[in-house]
Each structure stands twice: as C-alpha cells, then as structure tokens.
Amino acid sequence: TPEHSPTIVRADRRDAVMIKTLARGFRWQALLDGRKYTTIEDLGRREQISPSYVSRVIRLTFLAPDIVEAILNGTQPRLLDTKSLLKPFPPEWNAQKRHFGFDPSDD
C-alpha cells in the first residue's frame, strides 16, 4: 500500500531542542530590535542566562534561510544538532551549508 512505501513515508527527524533554540534566538533578537532590552547583558540578566549563551543563540538568526527551513522541516543533515549549531560558523550562506553538511549540489 502507498502509505508503507519507503519513498513516501520517512522518519520524522525534527529536533524539538534545535527548533526551540532557533525560536528562542529569533525571539531574543526581536526583543532587542524592539528595544525591550538594550543589551545582550540586560537580556541575559532578565532571562537568567549567561550573555555568552544569549549571543550564541541570537547568532542563529544569521543562518541561511534554507538551513532554518530544513531544521524546521526535519530535513537537516543527520550530524547537525544543537551543540554544533551553537559553535562558530561561517557568515556566508553557501559556506554555512558546507560547514553543516548540506549537499553541495543544493548551492
């Protein structure tokens, strides 16, 4: 039957922690943009989180849109996880895709 075809059914690889971390980064950036908080230090103090962690999470707002989309859809490369996302990554989008293990033919 079609619902059992491996070409149609695939494992759901959405990573709730990674999605929550991405969402948090965009929310925190919006709070800074909206002047709810004036600095990352202020935001970190109010959220009771270290400013260094806040900056690493906010940096996720600079990810290539298709990387964000892949994470939200659960189609990210298997080795991409929250820990690797929070480490330094290149600013240029195609370099990010290579860095995180996306298929180079998608460039």
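Be aware that the sequence shown starts at 199, since it is given in the numbering used here, and climbs by one per residue. Even for Gly, the Cβ is constructed at its ideal location relative to N, Cα and C. Values in this document were obtained by computation on a predicted structure and should not be read as measured data.
Would you mind working out which of the options sits nearest residue i, comparing C-alpha positions?
i, options, result
"R244", "W226, I256, M216, G232", "W226"
"K285", "N292, S250, L241", "S250"
Using the Cβ count rule (16 or more neighbours within 10 Å means buried), how would you classify residue i?
i, result
"G223", "buried"
"V215", "exposed"
"A228", "exposed"
"L278", "buried"
Between which two residues does the alpha helix (DSSP H) harbouring residue i extend?
i, result
"G223", "214-231"
"T237", "First-last for T237: undefined, no H or E at that position."
"D264", "263-271"
"T280", "280-283"
"P286", "Element bounds for P286: n/a, residue is neither H nor E."
Rounded C-beta distance between residue i and residue j? I'm assuming under 8 Å.
i, j, result
"R211", "G272", "4 Å"
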